[in-house]
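Remarks on the structure that follows.
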Amino acid sequence: NAGVTQTPKFQVLKTGQSMTLQCAQDMNHEYMSWYRQDPGMGLRLIHYSVGAGITDQGEVPNGYNVSRSTTEDFPLRLLSAAPSQTSVYFCASSPVGGKDTEAFFGQGTRLTVV
Amino acid sequence: LAKTTQPISMDSYEGQEVNITCSHNNIATNDYITWYQQFPSQGPRFIIQGYKTKVTNEVASLFIPADRKSSTLSLPRVSLSDTAVYYCLVGGDNAGNMLTFGGGTRLMVKP
Chain E
6 NAGVTQTPKF QVLKTGQSMT LQCAQDMNHE YMSWYRQDPG MGLRLIHYSV
56 GAGITDQGEV PNGYNVSRST TEDFPLRLLS AAPSQTSVYF CASSPVGGKD
106 TEAFFGQGTR LTVV
Chain F
175 LAKTTQPISM DSYEGQEVNI TCSHNNIATN DYITWYQQFP SQGPRFIIQG
225 YKTKVTNEVA SLFIPADRKS STLSLPRVSL SDTAVYYCLV GGDNAGNMLT
275 FGGGTRLMVK P
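Chains E and F supply the protein sequences, listed in that same order.
The first sequence begins at 6 in the working numbering and counts up by one.
The second sequence begins at 175 in the working numbering and counts up by one.
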């Protein structure tokens, strides 16, 4: 019972490089989202998806792209990494959207941009 | 989305009951109140959720007064393993799990 799986767990990038953070869930959840967490702060929403083929922007979308071709996968792409994107990234999924549901989070990807 | 206010940090000792209060003066009629727990280097984990009055599960209790402008997470007889950051969230959005996290309350349980 894997839940939400994120890869890689750690990554170091040089400024200007691009990469994709992977997120997969095996709970058949419709809703998935990406957050970033800076040191000592709460999580901030980057992008989210309400189902395959549908994505939308969250609070801090600049510099990131997402796609949702399947229910299971929701990759986050950094287009041109910048030091300001150094953070821990969390992917989450939930069975339905809204206020009265539980979100399940992955273990995070710790990204450092040098 | 309703903004929440929580204490930045709290200290407690093993075996004590811990109550963390969250203020959410602008809560909307349809909003739920949800608490998450986050250990270092891990993603947040759902603890409890409620709409009004009292909710209890095997981990915690959630007390919500009639005006719903605040809520209190109660952790009975905490242990060292309850040391974590606790987030109070209000609302969400039917378009997805658009959770809005504040700074949370950093709970330190001491022996």
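Think of the CB as a built atom: it goes at the ideal place given N, C-alpha and C, for glycine as much as any other residue.
Here the structure is a predicted model, which is why all the values come from computation and not from measurement.
Taking C-beta separations shorter than 7 angstroms and ignoring five residues to either side along the sequence, the partners of Thr106 of chain E in its chain run Ser99 and Pro100, following chain order. Chain E has no Cβ within less than 8 angstroms of the Cβ of Pro214 of chain F. Beta bridge pairing from DSSP links Ala29 of chain E with E:Thr10 and E:Asp78. Around the CB of Ile182 of chain F, fewer than 16 other CB atoms lie within 10 Å, so the residue is classed as exposed.
Annotation: the continuous beta strand (DSSP E) that includes Ser38 of chain E extends over Tyr36 to Gln42. DSSP places Leu84 of chain E outside both helix and strand once states are collapsed to three, so it counts as coil. Secondary structure at Ser183 of chain F: strand, using DSSP grouped into helix, strand and coil.
Listed in chain order, the non-local C-beta contacts of Ser74 of chain E below 7 angstroms within the same chain comprise Ala57, local neighbours out to five positions each way being set aside. Secondary structure at Asp205 of chain F: coil, using DSSP grouped into helix, strand and coil.
Listed along the chain, the chain F residues whose CB falls inside 7 angstroms of the CB of Gln112 of chain E are Gln216 and Gly217.
Taking 8 angstroms as the cut-off, the beta carbon of Ser248 of chain F is found closer than this to the beta carbon of Glu191 of chain F. Nearest C-alpha to Gln11 of chain E among E:Pro80, E:Ser89 and E:Gln22: E:Pro80. About 7 angstroms separates the CB atoms of Ser23 of chain E and Arg82 of chain E; that is less than 8 angstroms, so the two are in contact.
Restricting attention to F:Asp241, F:Ile238 and F:Arg219, the CA atom closest to the CA of Gly111 of chain E is found in F:Arg219. Close to Tyr261 of chain F, with beta-carbon spacing below 7 angstroms, are these residues of chain E in chain order: Gly47. Interface annotation for the stretch 220-234 of chain F against chain E: Phe220, Gln223 and Tyr225, criterion Cβ-Cβ distance under 8 angstroms. Contact annotation: Arg251 of chain F and Lys226 of chain F have beta-carbon atoms that are not nearer than 8 angstroms.
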